[in-house]
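Residue numbers (my numbering), protein chains in the order written: chain A, 1 to 309; chain B, 1 to 155.
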């Protein structure tokens with residue numbers, strides 16, 4: 001554990017001036033990630049039934065006031081996957097901050113929406129829930145095995161508004177245009193790191209994978225798939241500015257995108273306009289950074305953009 | 001196993017929207033057997049593949065979606081089994097609360113036994129056929145009631 005602590009402290013030291021209250025951030029890394037679920041309102045709008053059922057199985061469930069239909073669960077180290085509530089599709093276990101990109105997207109009934117990196121489906125099913133199954137979501141993932149998990153979750157939650165596809169995100173065909181596109185990009189996952197729990201950071205595990213190059217390919221294709229005036233949300237669960245602001249800055253240099261403000265239900269910090277001597281587009285202050293120790297969940301980066309008419 | 005691989009075939013094409021006549025047949029069955037009001041499914045289309053019907057949200061974007069190579073579209077709702085229509089458990093878990101007929105209410109012990117043994121002796125004042133399983137306030141899915149037996153189709 002001491003080795004893990006020192007590795008984490010060495011790793012995150014590059015963000016010492018970036019992360020607010022850095023000491024509490026480091027302390028939070030020693031705690032396991034809190035466990036949350038979303039109530040599937042397509043099947044039930046009665047939280048009491050679910051709270052009672054889970055209590056009978058030894059779980060203590062508390063509603064999250066700031067984020068509707070989300071609940072925090074203790075003990076956090078026991079899976080919800082074996083419960084009746086999971087089997088019946090009444091709940092979807094997901095981290096609290098994973099809801100944020102969908103809040104930025106603000107999906108509405110009647111829209112056609114692309115979730116470019118959708119599996120295993122937490123955000124796709126959240127969109128279906130918020131639109132009462134009345135917006136069409138094309139849920140794409142490049143890996144067939146991950147689509148199988150996504151399809152199982154759609155069936156479990158009883159969602160009828162989703163089409164699943166298997167394309168490489170950066171090569172998603174340009175024939176269909178969308179009102180909104182969500183890119184919850186593959187990333188180094190620094191925001192979900194906890195000492196001794198998640199083990200190595202994905203960045204270490206993946207070795208020489210050039211994540212920013214993949215992310216830039218995804219964000220540009222996502223933008224090109226929008227109708228004029230359409231909305232793009234780009235998110236990651238990492239702190240690394242090279243996978244966040246630098247990727248959005250790349251899009252802003254390549255395309256006429258407009259950065260938009262949005263209301264988040266959890267505390268955040270503005271996006272960066274400079275990192276390690278490299279300036280970013282000034283509008284990136286409208287992006288939002290969410291830090292794990294401030295929100296009690298996985299750290300996230302979310303930015304909302306509009307395609308210029 | 002073979003069927004699952006086929007369903008996720010990357011060359012998969014769009015399922016066919018059903019004709020008005022086929023839709024009326026499906027809605028008639030759902031109303032007659034389970035008491036589902038046809039208006040419940042007004043916001044949805046039924047799409048057909050060789051042996052299945054899928055429920056898919058009605059949309060003005062339907063034509064625009066046709067160019068995509070899709071793996072699945074909507075919720076697997078009914079299977080055609082030997083000339084009969086069998087609702088999926090996924091469909092009944094979602095819509096079971098709107099049904100008014102052929103709902104079998106089981107206590108927890110009987111439900112657990114049915115899940116374990118797949119087939120149990122059972123008698124009730126019901127017409128033989130597919131039924132909706134309910135336990136306490138939850139809708140669990142589909143079973144077949146026939147010849148004094150209850151046969152589970154729960155996943």
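Don't be surprised by glycine CBs; every beta carbon is placed ideally from N, CA and C.
For residue i and residue j, which I take to be in contact (beta-carbon distance under 8 Å), what is that distance rounded to the nearest angstrom?
{"i": "residue 79 (chain B)", "j": "residue 52 (chain B)", "result": "5 Å"}
{"i": "residue 115 (chain A)", "j": "residue 139 (chain A)", "result": "5 Å"}
{"i": "residue 188 (chain A)", "j": "residue 211 (chain A)", "result": "6 Å"}
{"i": "residue 226 (chain A)", "j": "residue 307 (chain A)", "result": "4 Å"}
{"i": "residue 13 (chain A)", "j": "residue 195 (chain A)", "result": "Residue 13 (chain A) to residue 195 (chain A), Cβ: 15 Å. No contact."}
{"i": "residue 33 (chain B)", "j": "residue 101 (chain B)", "result": "7 Å"}
{"i": "residue 166 (chain A)", "j": "residue 71 (chain B)", "result": "6 Å"}
{"i": "residue 150 (chain B)", "j": "residue 120 (chain B)", "result": "5 Å"}
{"i": "residue 310 (chain A)", "j": "residue 70 (chain A)", "result": "Since the displayed chain A opens at 1 and closes at 309, residue 310 (chain A) lies outside it and no answer follows."}
{"i": "residue 298 (chain A)", "j": "residue 95 (chain A)", "result": "4 Å"}
{"i": "residue 91 (chain A)", "j": "residue 56 (chain A)", "result": "Going by Cβ atoms, the distance from residue 91 (chain A) to residue 56 (chain A) rounds to 14 Å, so no, they are not a contact pair."}
{"i": "residue 45 (chain B)", "j": "residue 36 (chain B)", "result": "Not quite, the Cβ-Cβ distance comes to about 16 Å (not below 8 Å), so this is no contact."}
Please list the terminal residues of the continuous alpha helix (DSSP H) segment that includes residue i.
{"i": "residue 129 (chain A)", "result": "122 to 130"}
{"i": "residue 244 (chain A)", "result": "Looking at the DSSP string, residue 244 (chain A) is not in any alpha helix (DSSP H), and its letter there is neither H nor E."}
{"i": "residue 24 (chain A)", "result": "22 to 28"}
{"i": "residue 62 (chain B)", "result": "62 to 65"}
{"i": "residue 85 (chain A)", "result": "84 to 87"}
{"i": "residue 57 (chain B)", "result": "Note, residue 57 (chain B): premise wrong, no alpha helix (DSSP H); beta strand (DSSP E) at 52 to 57."}
{"i": "residue 111 (chain B)", "result": "108 to 117"}
{"i": "residue 48 (chain A)", "result": "47 to 56"}
{"i": "residue 148 (chain A)", "result": "144 to 157"}
{"i": "residue 295 (chain A)", "result": "292 to 295"}
{"i": "residue 91 (chain B)", "result": "89 to 95"}
{"i": "residue 102 (chain A)", "result": "100 to 105"}
How would you label residue i, buried or exposed, when you count the other beta carbons within 10 angstroms and need 16 or more for buried?
{"i": "residue 81 (chain B)", "result": "exposed"}
{"i": "residue 83 (chain A)", "result": "buried"}
{"i": "residue 104 (chain A)", "result": "buried"}
{"i": "residue 3 (chain B)", "result": "Low confidence applies to residue 3 (chain B): its pLDDT is 47, below 50, so where it sits in the model is not reliable, and the reading given next is rough at best. Counting Cβ neighbours within 10 Å, residue 3 (chain B) comes out exposed, since fewer than 16 surround it."}
{"i": "residue 38 (chain B)", "result": "exposed"}
{"i": "residue 6 (chain B)", "result": "Unreliable placement is indicated for residue 6 (chain B), whose pLDDT of 43 sits below 50; the coordinate value is still reported in the next sentence. Residue 6 (chain B) comes out exposed."}
{"i": "residue 20 (chain B)", "result": "exposed"}
{"i": "residue 98 (chain A)", "result": "buried"}
{"i": "residue 294 (chain A)", "result": "buried"}
{"i": "residue 27 (chain A)", "result": "exposed"}
{"i": "residue 81 (chain A)", "result": "exposed"}
{"i": "residue 9 (chain A)", "result": "exposed"}
{"i": "residue 85 (chain A)", "result": "buried"}
{"i": "residue 16 (chain B)", "result": "exposed"}
{"i": "residue 62 (chain A)", "result": "exposed"}
{"i": "residue 117 (chain B)", "result": "exposed"}
{"i": "residue 76 (chain A)", "result": "exposed"}
{"i": "residue 1 (chain A)", "result": "Residue confidence is low: residue 1 (chain A) scores 47 on pLDDT, short of 50, so the model does not pin down where it sits. Its coordinate-derived value is still stated next. Residue 1 (chain A) is exposed by the Cβ-count criterion."}
{"i": "residue 13 (chain B)", "result": "exposed"}
{"i": "residue 215 (chain A)", "result": "buried"}
{"i": "residue 193 (chain A)", "result": "buried"}
Thinking just about the alpha-carbon of each residue, which of the options is nearest to the one in residue i?
{"i": "residue 145 (chain B)", "options": "B:131, B:54 and B:154", "result": "B:131"}
{"i": "residue 126 (chain A)", "options": "A:237, A:169, A:54 and A:100", "result": "A:100"}
{"i": "residue 261 (chain A)", "options": "A:254, A:231, A:192 and A:176", "result": "A:231"}
{"i": "residue 237 (chain A)", "options": "A:31, A:292, A:228 and A:108", "result": "A:292"}
{"i": "residue 272 (chain A)", "options": "A:265, A:240 and A:254", "result": "A:240"}
{"i": "residue 137 (chain B)", "options": "A:52, A:137 and A:96", "result": "A:52"}
{"i": "residue 275 (chain A)", "options": "A:286, A:18 and A:151", "result": "A:18"}
{"i": "residue 119 (chain A)", "options": "A:108, A:112, A:152 and A:131", "result": "A:152"}
{"i": "residue 147 (chain B)", "options": "B:31, B:115 and B:125", "result": "B:125"}
{"i": "residue 48 (chain B)", "options": "B:75, B:63 and B:59", "result": "B:75"}
{"i": "residue 286 (chain A)", "options": "A:245, A:279, A:265 and A:277", "result": "A:245"}
Beta-carbon within less than 7 Å of residue i's beta-carbon, same chain only, minus the 5 sequence neighbours each way: which residues are those?
{"i": "residue 242 (chain A)", "result": "212"}
{"i": "residue 268 (chain A)", "result": "288, 289 and 290"}
{"i": "residue 256 (chain A)", "result": "308"}
{"i": "residue 281 (chain A)", "result": "249 and 252"}
{"i": "residue 142 (chain A)", "result": "166, 167, 168 and 169"}
Going along the chain, which residues of its own chain have a beta-carbon closer than 8 Å to the beta-carbon of residue i, five neighbours each way excluded?
{"i": "residue 133 (chain A)", "result": "42, 159, 160 and 161"}
{"i": "residue 305 (chain A)", "result": "223, 231, 232, 233, 234, 248, 251, 257, 258, 259 and 260"}
{"i": "residue 144 (chain A)", "result": "166"}
For the beta strand (DSSP E) that residue i lies in, which residues bound it at each end?
{"i": "residue 27 (chain B)", "result": "Where residue 27 (chain B) is concerned, there is no enclosing beta strand (DSSP E), although the alpha helix (DSSP H) it sits in stretches over 20 to 34."}
{"i": "residue 71 (chain B)", "result": "70 to 73"}
{"i": "residue 47 (chain B)", "result": "44 to 48"}
{"i": "residue 149 (chain B)", "result": "149 to 152"}
{"i": "residue 71 (chain A)", "result": "70 to 74"}
{"i": "residue 132 (chain B)", "result": "129 to 135"}
{"i": "residue 235 (chain A)", "result": "226 to 236"}
{"i": "residue 307 (chain A)", "result": "300 to 307"}
{"i": "residue 77 (chain A)", "result": "Unbroken run through residue 77 (chain A): none, as it is neither H nor E."}
{"i": "residue 60 (chain A)", "result": "60 to 63"}
{"i": "residue 258 (chain A)", "result": "257 to 260"}
Starting from the C-beta of residue i, find all residues in its chain whose C-beta is less than 6 Å away, skip the five residues before and the five after it, and write them out in chain order.
{"i": "residue 302 (chain A)", "result": "100, 101, 104, 235 and 288"}
{"i": "residue 112 (chain A)", "result": "136, 178 and 179"}
Original post:
If you measure beta-carbon to beta-carbon, which residues of the region 70 to 99 of chain B are closer than 7 Å to chain D?
Top reply: Note that chain D does not occur in the displayed structure, where the protein chains are A and B.
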